[in-house]
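First up is the structure itself, then whatever we jot down about it.
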Amino acid sequence: MDNVILEGENVHKWFGAVHALKGVDFDVREGEILGLVGGNGAGKSTLINILSGVYQKEEGKIFLRGEEINFRSPMESRKAGIETVYQDQALVEDLNVAQNIFLTREITKSFGIVNDDKMLEESARLVNTLGLSISSMKKEVRFCSGGERQGIVLSRAIYFKAKLVLLDEPTTALSYEGRKKIFKLIEKMRDEESISFVVISHDIERIYSLCDRFLIFNRGEKKIEVPKEEITIEKMEKLML
268 MDNVILEGEN VHKWFGAVHA LKGVDFDVRE GEILGLVGGN GAGKSTLINI
318 LSGVYQKEEG KIFLRGEEIN FRSPMESRKA GIETVYQDQA LVEDLNVAQN
368 IFLTREITKS FGIVNDDKML EESARLVNTL GLSISSMKKE VRFCSGGERQ
418 GIVLSRAIYF KAKLVLLDEP TTALSYEGRK KIFKLIEKMR DEESISFVVI
468 SHDIERIYSL CDRFLIFNRG EKKIEVPKEE ITIEKMEKLM L
């Protein structure tokens with residue numbers, strides 16, 4: 268747990284006159300679930316977009332496994348082993364489960380022809396391994412529940428061997444039971460695959476039980492970085508004000 272896989276030093280980001288990140292330091296450790304929390308405009312989504320290659324920082328340094336990185340695109344971030352799951356999940360409603368798991372990274376046969384049978388086979392194996400209750404890999408995503416949708420995007424991380432998963436508001440639109448199932452899946456991925464997670468949320472109470480540590484942002488600044496057992500929900504909420 269003490270092995271740092273991702274580290275940021277004095278990271279700054281501006282949008283015109285708006286100083287969105289004000290020299291933040293952070294680290295993510297191997298096999299941990301880090302909660303990144305703050306209100307609207309706190310800077311948490313800006314940081315995630317930098318790590319996923321959507322934005323580029325203006326100042327500071329970021330290291331992945333000890334090597335300095337500066338991703339110029341989401342593709343570069345993915346190739347480095349970082350999978351980002353946004354709040355809208357980037358799923359295509361009229362494609363099936365297997366097609367969404369392999370979206371933009373399809374398995375192909377000779378001459379670049381998409382191998383639908385292989386994708387269905389691999390998706391079924393993956394879903395079974397993760398213990399997901401999705402009835403058919405041919406099921407269109409528009410008919411999937413919120414929990415099934417989260418399971419689909421997390422399946423991508425396993426198949427494409429991500430070592431760090433960034434989750435943007437993962438509990439949105441999930442029922443209490445759906446949230447419990449997804450938390451169990453995240454913990455399984457951490458324990459069995461040594462995948463690290465950064466979980467972004469404005470609602471500390473919803474993710475408190477899941478996270479090992481918390482990083483609290485407010486108005487572009489890091490207010491505190493603390494293990495869960497050393498801080499209460501009430502204290503964290505005050506730091507967000």
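Under our numbering, the first residue of the sequence shown carries the number 268, and numbering increases by one thereafter. Idealized CB from N, CA, C, for every residue including glycine. Only a predicted model underlies this, so the values are computations on that prediction, with no experimental measurement involved.
Item: Counted within 10 angstroms of its Cβ, other Cβ atoms place D323 as buried (16 or more) or exposed; Value: One point to set straight first is that residue 323 is Gln, not Asp, in the sequence displayed. So Q323 ends up on the exposed side.
Item: Counterpart residues of E276 in DSSP-defined beta bridges; Value: K328
Item: Member of E325, K376 and E360 whose CA lies at the smallest distance from the CA of R416; Value: E360
Item: DSSP-derived helix/strand/coil call for D355; Value: coil
Item: Extent of the continuous beta strand (DSSP E) run through K385; Value: K385 -> not in any beta strand (DSSP E); alpha helix (DSSP H) instead, spanning D383 to L397.
Item: Cβ separation of R457 and A309, assumed to be a contact under 8 Å, to the nearest whole Å; Value: Wrong, their Cβ atoms sit about 25 Å apart, outside the cutoff.
Item: Of the residues G275, Y475, T313 and F484, the one placed nearest E497, counting alpha carbons only; Value: Y475
Item: Touching by the beta-carbon criterion (3+ pairs, under 8 Å), the stretch 381-394 and the stretch 328-347; Value: no
Item: Contact set for N594: own chain, Cβ-Cβ below 6 Å, skip 5 residues either direction; Value: This structure cannot speak to residue 594, because the chain is shown only from 268 to 508.
Item: Residue closest to F481, alpha-carbon to alpha-carbon, out of M503, R372 and S463; Value: M503
Item: Close Cβ partners of G348 (< 6 Å) along its chain, the five nearest in sequence each way excluded; Value: A429 and K430
Item: Length of the line joining the Cα atoms of L362 and G414; Value: 17 Å
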